[in-house]
Structure formats: structure tokens, C-alpha cells
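Heads up, the thing below is written out as C-alpha cells.
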Amino acid sequence: MTAGTANWSFTQDDFTAITESLKRFLGETKSHCALLVDRSGQLVTTVGNAPGLDTTTFASLTAADYSANDQLAKLVGENDFSSLFHQGEKDSIYVADIARRLLLVIIFDSRTTVGLVRLRIKDEVQELTLLIDRVFSRGRDGAAPTGHLLDGADDEIDKLFNW
Amino acid sequence: MINYASREINCKIVYYGPGLGGKTTNLEHVYGKVKPETRGKLISLATETERTLFFDFLPVDLGTIRGFKTRFHLYTVPGQVYYNASRKLILKNVDGIVFVGDSQAERMEANLESMQNLYDNMAEYGYDLTQMPFVIQYNKRDLPNAAPIEDLQAALNPGWEVEDATKHRVQPDPYHAGQNLVEQVAGGEWVEKAPYFEAIAVNGDGVFDTLKAVSKLVLKALA
Numbered sequence: 001m002t003a004g005t006a007n008w009s010f011t012q013d014d015f016t017a018i019t020e021s022l023k024r025f026l027g028e029t030k031s032h033c034a035l036l037v038d039r040s041g042q043l044v045t046t047v048g049n050a051p052g053l054d055t056t057t058f059a060s061l062t063a064a065d066y067s068a069n070d071q072l073a074k075l076v077g078e079n080d081f082s083s084l085f086h087q088g089e090k091d092s093i094y095v096a097d098i099a100r101r102l103l104l105v106i107i108f109d110s111r112t113t114v115g116l117v118r119l120r121i122k123d124e125v126q127e128l129t130l131l132i133d134r135v136f137s138r139g140r141d142g143a144a145p146t147g148h149l150l151d152g153a154d155d156e157i158d159k160l161f162n163w
Numbered sequence: 164m165i166n167y168a169s170r171e172i173n174c175k176i177v178y179y180g181p182g183l184g185g186k187t188t189n190l191e192h193v194y195g196k197v198k199p200e201t202r203g204k205l206i207s208l209a210t211e212t213e214r215t216l217f218f219d220f221l222p223v224d225l226g227t228i229r230g231f232k233t234r235f236h237l238y239t240v241p242g243q244v245y246y247n248a249s250r251k252l253i254l255k256n257v258d259g260i261v262f263v264g265d266s267q268a269e270r271m272e273a274n275l276e277s278m279q280n281l282y283d284n285m286a287e288y289g290y291d292l293t294q295m296p297f298v299i300q301y302n303k304r305d306l307p308n309a310a311p312i313e314d315l316q317a318a319l320n321p322g323w324e325v326e327d328a329t330k331h332r333v334q335p336d337p338y339h340a341g342q343n344l345v346e347q348v349a350g351g352e353w354v355e356k357a358p359y360f361e362a363i364a365v366n367g368d369g370v371f372d373t374l375k376a377v378s379k380l381v382l383k384a385l386a
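Respectively, the protein sequence lines represent chains R and C. Here the working numbering is used: position 16 in the first sequence is 16, and no number is missing along the way. Count along the second sequence from 1, add 163, and you get the number used in the working numbering.
Structure representation (C-alpha cells):
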């Protein structure tokens, strides 16, 4: 256990439930890609199509962007800005907070409108919040398998560094 | 973060330290040396004069453990005092820290200020630096005005008291023969120090030793 840092894990069931929910959202809003990113900038999952997108870099920059905006909110006396919208000529992105743990990033183009995305994302955020809360409450109960995966893996870890 | 669905272990390592100490140079060397298929792009959010404004970011795949791909996300922070707000943001959910100190004697004050700032920013998130993977790199060892290692150690890595009695046993420093990471000092208390490395990041000396040490500590902390 790493002291003080986020330590949590997804199971296959969590992943399936999150993916299904995001697929439904993409269909309803005609958006082309959804990314779920944790607040430290690590990509949890991608659903839909974004050809050529460097998702690792995208996730890292999204988290930094959101964190910077979070601080801007505080400077003007707000608790947070619950969502961000960046408009492009063809593609735009909409970022929403999930339970202060994750970020939902939607990439969409002119086949839909920011109004529709904004309208539907509220329900999607609620649904994902329930799913994510389940992941974290299980983590707190100690039932998540995180702690066991690397038990006794010292030799394997050492071998990784035989460069 | 362990993702069972994509079978990945993702860890975040932050290079911290005073301005112009060589944090970005460390990442640039790693980027230049690892195989292109095991690393992503090196992203730098820097000013026009190449001073880090927000952060540098480099994802590196180390290999596979128990069928899980281990991916390390390396970040640097802006060293300049002025950028504390953005520096603090990068520490969020960090798994391991490398403090890159500048060995030049006249940078001692800047080193101390940055180390204090690291402790303060970590404490604001509720993280205890003494309880997590943490290594120190003394960079620029080749410069004629580099301070002796003993002086740098005394100032920046004096050690912290080990309160947990089960850890009161001598732990040799695997990287420096004859030195210990945990030992009992003259006053009777047990003290632990962070592992340290000497480096000349601009040539690559010590860069991978530092990265290996902190990565190993991070993975062992998960185990």
C-alpha cells in the first residue's frame, strides 16, 4: 500500500458496466469518443472511435487542464467548475467531473451539439458516480484484489530492471 | 492504479527540485535512450525560453509482471518558486518522488527551499513523504563548484526518526557499500534516510539508476 496516494482497482465487471453505460451515452448523443481518466492523469478506459488520438498523453493533459481550472474556480470563489468545454472548428471536447475521482471526457463533432451533450451528460455523470462509488467503497472494505496481485512478486520486479 | 480490465499497472513518478536543477534533462535522457516502442511522446508545457511552465510528461512501459503491463508516468514540476500553484497540482496522487538537487554549492539555499516546499505541498495533500517511495539525486556532479556529497546529505537528507519498533534494524544501503539507509545514531534513536544517487544528467550518468530505484520502490510498495 502506497501511503497517502490513490490505490484502487477495477474488476472486469466494473469495466463492463462502465463500458456499456458509455456506449449508450455515445449512441444517444451521437458523440464519437468517451474517455474516462483518473485525476492523476491515468487513462481508465476509452469507448468509441478517435483514430490517431494519443490517449495516454490526452489523459495526462486532461487531468492537468481540469486541475488548473479547479484552482481558477477557487480563486473566483467557486468550489469547482463542474464541467469544461473546449470548442474547436471540427471537434470539441466536454469534460465533466465524476465523484471528484475521475473525469469523463467526451469528444464530439458537428453531428451533434454541445447542448445535447450537456443535457445528457448530467444523467451519465449520475450513473457513473454510482458505479465508481461501488469501486471505491469496495476498496475501503479491503475486498479489492489490489493488495494480492504483487504478493511475492519481488523476483519478477527485480527482473524488470535487468537493463 | 491497477486496471484488471486492460491488465495494466499505472504509476505516477514526479521529479521535484529547484529551478535549472536538471529535472527536464532527466526525462529527456530517458526519452532518448529507451526503445521508441516502449515510450510515448515527451510532452513539455514550457515557456518560450524552455523553462518548465506547468510540467513535462513522459509515459514509459517497463515490462510485464504477472501478466500486467507496468507503465510509469514520469512528470517534472516547474522548479521556479513563482509556479508553486501548478507545482502542487502535479503532486496529486503521486506514487513516487525523485528530488533532483543541484550540487553546486551556491544552489544549496535553493535546494533547501525546494525540499521544504516539497514536504509542505505533500503535507497539504495529507501525504507523508517519509512513508512513500522517495529517492534523492544529486545532479551536476561534474561541475568544479559541486559541494561534497557529505555536505549535501547532511543538509538535504539528514534522515527522519523511525518510530515503528518493528523496523528498528540496520538496513544497508544497496547502492553505497558501507553506508546504511536505516541505522541507530549516537543519541540512541533509529533514523532512516532516502536512497541517494550522484548524477550528471546531461550525459545520462545516474539517470537510469535513479529511475530504476524509485520504480522498484513503487512496485514493492504495491506488493
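Glycine included, every Cβ here is placed at the ideal spot set by N, Cα and C.
Original post:
How would you write the range of the alpha helix (DSSP H) that residue 374/C sits in, first residue to last?
Top reply: 370-385
Subject >> C-alpha distance - residue 320/C paired with residue 233/C, whole-angstrom precision >> reply: One C-alpha to the other measures close to 29 Å.
Original post:
Residues bridged to residue 360/C by DSSP?
Top reply: DSSP lists 300/C as partners of residue 360/C.
**OP:** For residue 350/C, count neighbouring C-beta atoms within 10 Å of its own C-beta (all shown protein chains included) and say buried if the count is 16 or more, exposed if not.
**Re:** exposed
**OP:** Tell me, to the nearest whole angstrom, how far the beta carbon of residue 222/C is from that of residue 203/C; I am working on the premise that it is less than 8 Å.
**Re:** Confirmed, about 4 Å.
Original post:
Helix, strand or coil: how does DSSP classify residue 198/C here?
Top reply: coil
Original post:
Near residue 164/C, which residues of its chain fall below 7 Å by C-beta distance, leaving aside the five closest residues on each side in sequence?
Top reply: 173
**OP:** Determine the direct distance from the alpha carbon of residue 235/C to that of residue 225/C, and round the result to whole angstroms.
**Re:** 7 Å
Subject >> Three-state class that DSSP yields for residue 27/R in the structure shown >> reply: helix
Subject >> Own chain, CB closer than 8 Å to residue 308/C, minus 5 neighbours either side, in chain order >> reply: Hits under 8 Å: 267, 268, 269.
Original post:
In this structure, does DSSP put residue 40/R in helix, strand or coil?
Top reply: coil
Subject >> Reference residue 327/C, options 339/C, 313/C, 345/C, closest by Cα >> reply: 345/C
**OP:** Give a yes or no on whether the C-beta atoms belonging to residue 31/R and residue 112/R are separated by under 8 Å.
**Re:** yes
**OP:** Could you tell me which chain C residues have their CB closer than 7 Å to the CB of residue 121/R, listed as they occur along the chain?
**Re:** Simply none; closest approach about 23 Å.
Subject >> Distance, residue 376/C Cα to residue 338/C Cα >> reply: Using only the alpha carbons, I get a separation of about 9 Å.
Original post:
Does the ligand MG have a heavy atom nearer than 7 Å to the CB of residue 33/R?
Top reply: With respect to small molecules bound, the structure shown includes none, and the ligand MG cannot be examined in it.
Original post:
Of all the CB atoms in chain C, is at least one closer than 8 Å to the CB of residue 138/R?
Top reply: no
Subject >> Residues from the stretch 178-208 of chain C in contact with chain R, defined by Cβ distance under 7 Å >> reply: 203, 204, 206
**OP:** Could you tell me which residues DSSP pairs with residue 346/C in its beta bridges?
**Re:** 354/C
**OP:** Compare the beta carbon distance of residue 29/R and residue 116/R with 8 Å and say whether it is the shorter of the two.
**Re:** yes
Original post:
Based on the DSSP secondary-structure assignment, which residues constitute the bridge partners of residue 102/R?
Top reply: 38/R, 98/R
**OP:** Please report the residue range of the beta strand (DSSP E) in which residue 171/C lies.
**Re:** 171-179
Original post:
In terms of residues, what are the limits of the beta strand (DSSP E) holding residue 227/C?
Top reply: 215-228
Subject >> Straight-line Cα distance separating residue 240/C from residue 378/C >> reply: 18 Å
**OP:** Select from 304/C, 200/C, 246/C the residue whose C-alpha is nearest the C-alpha of residue 370/C.
**Re:** 304/C
**OP:** Locate the alpha helix (DSSP H) running through residue 62/R, then write down its first and last residues.
**Re:** 55-75
**OP:** Evaluate residue 245/C with the Cβ neighbour count: other Cβ atoms within 10 Å of its Cβ, from every protein chain shown; 16 or more gives buried, anything less gives exposed.
**Re:** exposed
Original post:
Under 9 Å Cβ-Cβ, which residues of chain R neighbour residue 264/C?
Top reply: Among the residues of chain R, none has a CB under 9 Å from the CB of residue 264/C; the nearest is roughly 23 Å distant.
**OP:** Identify whether residue 261/C lies in helix, strand or coil by the three-state DSSP scheme.
**Re:** strand
Subject >> Min CB distance residue 271/C to chain R below 8 Å >> reply: no
**OP:** Would you please verify whether the beta carbon of residue 156/R is less than 8 Å from any beta carbon of chain C?
**Re:** A Cβ of chain C is located within less than 8 Å of the beta carbon of residue 156/R.
Original post:
Is the beta carbon of residue 360/C less than 8 Å from the beta carbon of residue 300/C?
Top reply: A contact, by the Cβ cut-off of 8 Å.
Original post:
Could you give the residue range of the beta strand (DSSP E) that holds residue 209/C?
Top reply: 206-209
Original post:
Around the C-beta of residue 12/R, are 16 or more other C-beta atoms found within 10 angstroms, so that it is buried, or is it exposed?
Top reply: exposed
Subject >> Extent of the continuous beta strand (DSSP E) to which residue 237/C belongs >> reply: 231-239
Original post:
Which value, in whole angstroms, describes the spacing of the CA atoms of residue 120/R and residue 61/R?
Top reply: 24 Å
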